[in-house]
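Everything below concerns the one structure shown next.
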Amino acid sequence: MLLFAASTALAQYYSGEHTFDGENKNEVSASLTTGKNIIAGPCIGNTLHFKHYLNSHWSIDGGANLRYTKQLYSFKAKGEYHLKIKSFHMFASAEYLFNHYHMFNTNENVGNMSVRFERGYWDITLGGSLIGYNMMGDHYTEPITLTFGAHATLRPRTNKWNLGLLFRNYDDFYYENWNINWGLDFYWRFNPKFKLFGEFNIRPAGSMSQLASKYETTGKIGVIYRWK
Amino acid sequence: MEIIMKKSISYSLIIGVLAITSAMFSSCEKVSPQGVLMGNTSVDDRVKQSLTNYSYIDVSMDKTLADTVKEYSFLVGSDSHITIDPGRLSEMLEVGMAHDDLFYCHLGDLADTKAEYYYNTGMALEWFKEKWMEKYATPVTDEATGEEMNYYIDKRTGAADTWQNFRVPFYPVVGNHDITHNGWALFCNLFKTSFYEFTVKVGNAFDRFIFLDSANGTLGNFQIEEIDNGVFQRDKKDIRNTFVFTHTNIFRPSYTEFASTYCREELYYLLDKLADWKTTIMFCGHVHAWDDRMFGGVRHITMPSMNFVDHPNGGDLIVRVTVKGDHECDVQPVGLYCKERSKEELNQLGYKTTTNSNDY
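Chains A and B are the protein sequences, given in the same order. Counting in the working numbering, the final residue of the first sequence is number 293, and the numbers go up one at a time with none missing. Counting in the working numbering, the final residue of the second sequence is number 1538, and the numbers go up one at a time with none missing.
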């Protein structure tokens, strides 16, 4: 069965370059994240991603995440299908994500399927997540929850640099229910093979008073390298 | 032609954005959409205010049962969303008094965000206080003059205070509908605090009752710090049972109800903390649906709403918990069946209600 889902976690990484360029089939990115949240306090961590384009339609990727002070360890795998429909690019993907929250001895398994539509200056994502967790000898799988996201950029995606605003209920290594992640992101392609990227995220807590209840603030900076 | 098409798409997007924005910043009776973005208070504000104005412990809420009493019961209801008629809340209190339940807990969304509805709620509680005092409070008599003093003793727990300060045993938590439209000021005026605990002493053991503020869908930084600093570990008493009450649900009864709004780590933190407290039962509301499950050795009960809109003909909308021993509790559904009454009908029955916020 064809699993459709959107490029979600890597959306900001590959702004303007979500498609196979006909030459470079591999991409690797490394980033450093630091910030603070109300449960774990200050946190710092690394993220590593690898993406391989099978052809102009299909790609696969995997990633790992280590958040040291948060004691959060994650990995994920994703398959993505790309289709150009007139002036839109559609990306459908299926993803499996595993998180180990060591502080609470909790293992979380997430399956996500979603679709992203992308044009020159914006993209939107819609999908569903199935989130299950094991802790204290018990297991709970939450009923399927909506995945949503929107991202707009100042310049077209083909530009050498860009600034963007984002609004979504997921990030590279988590999928939430209602909790929204507001962010500001950027990239600078200083070389055909290298790109610097970064992101500043604010996650308000809960559902009411988005400006009043802070949950987490993080900053991320990284580099993407592409090769044949 | 293509340019015209592009322009029309752009205009449609702009109109759509403007429509959503104007909807967010306009006001409606049920919820305050701008509260989603700005809110009137944060959970940190409320918990700080609760601790400053009140302290999380009010020893007058602690109850010591007579040595002969081996078990007791209390009622739990949720999401009454009171408007004109506070009938379901009054019925809950009457049902409890008829059964001699020791106290009453409410899981938030007490009234529907307007000042006049809190006035009606306050009136219902005042009415209940008179009935409750008549049944359970004994006035102290001046030994010299033989006259009754303005000082009363709870026959069952020994708590004593003046009429004005006597607190009837109704213990609510704050819900999301209680904080929009300046609701917190109204809630706070009636109940003073959103973060508190008390104990019930049975023989040599204590049962602990913890009330958490999750009206914003989060416990918030300050409340978590207070919990981590051991605010609920006072005196290291011999705690037999712990019961926790909060508004926002942890578990989602089905995909048609709202999912939990705790962020992932906060959710795991809370589940871990409940197990750490050796919680007997955790009660939540918010989603207006029943759910009962064990997780991590803790019984989690999510309560249905008791309001007229969801249940015009009533039903088993609240529960009675009978505490019999160490983690020995009976949870039985209790029916509420009163129908919604108009303002005129209530006035004829002698209730003071209002639809005018100036009365408040």
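Backbone N, C-alpha and C fix where the C-beta goes; we use that ideal spot for every residue, glycine too. It should be emphasised that the depicted structure is a prediction, and the values quoted were computed from it without experimental measurement.
Have a look at residue i and residue j and give me their C-alpha separation to the nearest angstrom.
i, j, result
"G1503 (chain B)", "T99 (chain A)", "48 Å"
"A1201 (chain B)", "T1358 (chain B)", "Here A1201 (chain B) scores only 45 on pLDDT, less than 50, and its place in the model should not be relied on; the value that follows carries that caveat. Cα to Cα, the separation comes out at about 16 Å."
"A1453 (chain B)", "S158 (chain A)", "37 Å"
"L137 (chain A)", "D1469 (chain B)", "30 Å"
"V1378 (chain B)", "R1345 (chain B)", "16 Å"
"W253 (chain A)", "D1391 (chain B)", "44 Å"
"S1220 (chain B)", "Q1227 (chain B)", "11 Å"
"W1362 (chain B)", "L261 (chain A)", "46 Å"
"G128 (chain A)", "F1436 (chain B)", "31 Å"
"L97 (chain A)", "D236 (chain A)", "15 Å"
"F1369 (chain B)", "N1399 (chain B)", "23 Å"
"F1389 (chain B)", "I103 (chain A)", "20 Å"
"A217 (chain A)", "N227 (chain A)", "10 Å"
"M155 (chain A)", "D188 (chain A)", "10 Å"
"L211 (chain A)", "S194 (chain A)", "6 Å"
"S139 (chain A)", "N164 (chain A)", "4 Å"
"A142 (chain A)", "C1507 (chain B)", "46 Å"
"F1203 (chain B)", "R233 (chain A)", "With a pLDDT of 41 at F1203 (chain B), under the threshold of 50, the modelled position of this residue cannot be trusted, and the question is left open."
"K279 (chain A)", "F213 (chain A)", "20 Å"
Determine, using beta carbons only, whether residue i comes closer than 9 Å to chain A.
i, result
"D1541 (chain B)", "The structure shown has nothing for residue 1541 (chain B), since chain B only spans 1179 to 1538."
"S1258 (chain B)", "no"
"C1366 (chain B)", "no"
"F1473 (chain B)", "yes"
"C1462 (chain B)", "no"
"S1392 (chain B)", "yes"
"N1399 (chain B)", "yes"
"A1201 (chain B)", "Any answer about A1201 (chain B) is weak, because its pLDDT of 45 lies below 50 and its placement is not dependable; what the coordinates show is given next. Chain A, which has no Cβ nearer than 9 Å to the Cβ of A1201 (chain B), makes this no."
"F1429 (chain B)", "yes"
"G1395 (chain B)", "yes"
"T1426 (chain B)", "yes"
"I1262 (chain B)", "no"
"I1402 (chain B)", "yes"
Would you check if the distance between the CB atom of residue i and the CB atom of residue j is smaller than 9 Å?
i, j, result
"L1250 (chain B)", "T1457 (chain B)", "The residue asked about is misnamed: residue 1250 (chain B) is Tyr in this sequence, not Leu. The answer is no: Cβ separation not under 9 Å."
"A95 (chain A)", "T84 (chain A)", "no"
"M1481 (chain B)", "D1257 (chain B)", "yes"
"E1375 (chain B)", "F1410 (chain B)", "yes"
"T177 (chain A)", "E207 (chain A)", "For the sequence presented, residue 177 (chain A) should be read as Asn rather than Thr. Taking 9 Å as the Cβ cut-off, N177 (chain A) and E207 (chain A) do not qualify as a contacting pair."
"M200 (chain A)", "G1474 (chain B)", "yes"
"D1356 (chain B)", "T1439 (chain B)", "no"
"S1483 (chain B)", "H1259 (chain B)", "yes"
"A1289 (chain B)", "T1261 (chain B)", "yes"
"H1489 (chain B)", "G1286 (chain B)", "no"
Would residue i count as contacting chain B if we go by Cβ distances under 9 Å?
i, result
"I103 (chain A)", "yes"
"P107 (chain A)", "no"
"Y161 (chain A)", "no"
"M178 (chain A)", "no"
"G271 (chain A)", "yes"
"E281 (chain A)", "yes"
"G185 (chain A)", "no"
"Y166 (chain A)", "yes"
"K135 (chain A)", "yes"
"S278 (chain A)", "yes"
"T99 (chain A)", "no"
"T223 (chain A)", "no"
"T190 (chain A)", "no"
Which same chain residues end up closer than 6 Å to residue i when comparing Cβ atoms and leaving out the 5 residues on each side of it in sequence?
i, result
"R291 (chain A)", "N89, E92 and K258"
"P1347 (chain B)", "F1281"
"A1383 (chain B)", "D1416 and R1418"
"Y239 (chain A)", "none"
"R1477 (chain B)", "I1459"
"M1239 (chain B)", "F1376"
"G287 (chain A)", "S94, A95, S96 and F262"
"G1300 (chain B)", "L1368"
"Y14 (chain A)", "Within the shown structure, residues of chain A are numbered from 66 to 293, placing residue 14 (chain A) beyond reach of any answer."
Please work out which residues of its chain come closer than 7 Å, Cβ to Cβ, to residue i, disregarding the five sequence neighbours upstream and downstream, and give them in chain order.
i, result
"C1206 (chain B)", "Bear in mind that the predicted position of C1206 (chain B) carries a pLDDT of just 46, short of 50, making it unreliable; the figure below should be weighed with that in mind. So no residue of the chain qualifies."
"G185 (chain A)", "P221 and R222"
"N1328 (chain B)", "T1340 and W1341"
"T1242 (chain B)", "T1335, G1336 and K1379"
"F1306 (chain B)", "S1268, L1271 and V1346"
Residues in its own chain within less than 8 Å of residue i by CB, not counting five upstream and five downstream?
i, result
"C1441 (chain B)", "T1396"
With a threshold of 9 Å between beta-carbons, can residue i be considered close to chain D, or not?
i, result
"M200 (chain A)", "Given the protein chain composition of this structure (A and B), no chain D is represented."
What are the residues in the segment 1301–1332 of chain B lying within 8 Å of chain A by C-beta distance? For the segment 1301–1332 of chain B, the beta-carbon criterion of a distance under 8 Å to any beta-carbon of chain A is satisfied by none of its residues.
Chain-ordered residues of the segment 1431–1457 of chain B with a beta carbon less than 9 Å from chain A: Cβ contacts with chain A come from P1431, S1432, Y1433, T1434, E1435, F1436, A1437, S1438, T1439, Y1440, C1441, R1442, E1443, E1444, L1445, Y1446, Y1447, L1449, D1450 and A1453.
Could you list the residues in the segment 236–270 of chain A with a C-beta less than 8 Å from some C-beta on chain B, going in chain order? Answer in chain order: Y239, E241, N242, W243, N244, R268 and A270.
Residues of the segment 203–218 of chain A with Cβ closer than 8 Å to any Cβ of chain B, in chain order: Answer in chain order: D203, Y205, E207, P208, I209 and T210.
Taking beta-carbon pairs under 9 Å, can you tell me which members of the segment 110–136 of chain A lie near chain B? From the segment 110–136 of chain A, only K135 have a Cβ closer than 9 Å to chain B.
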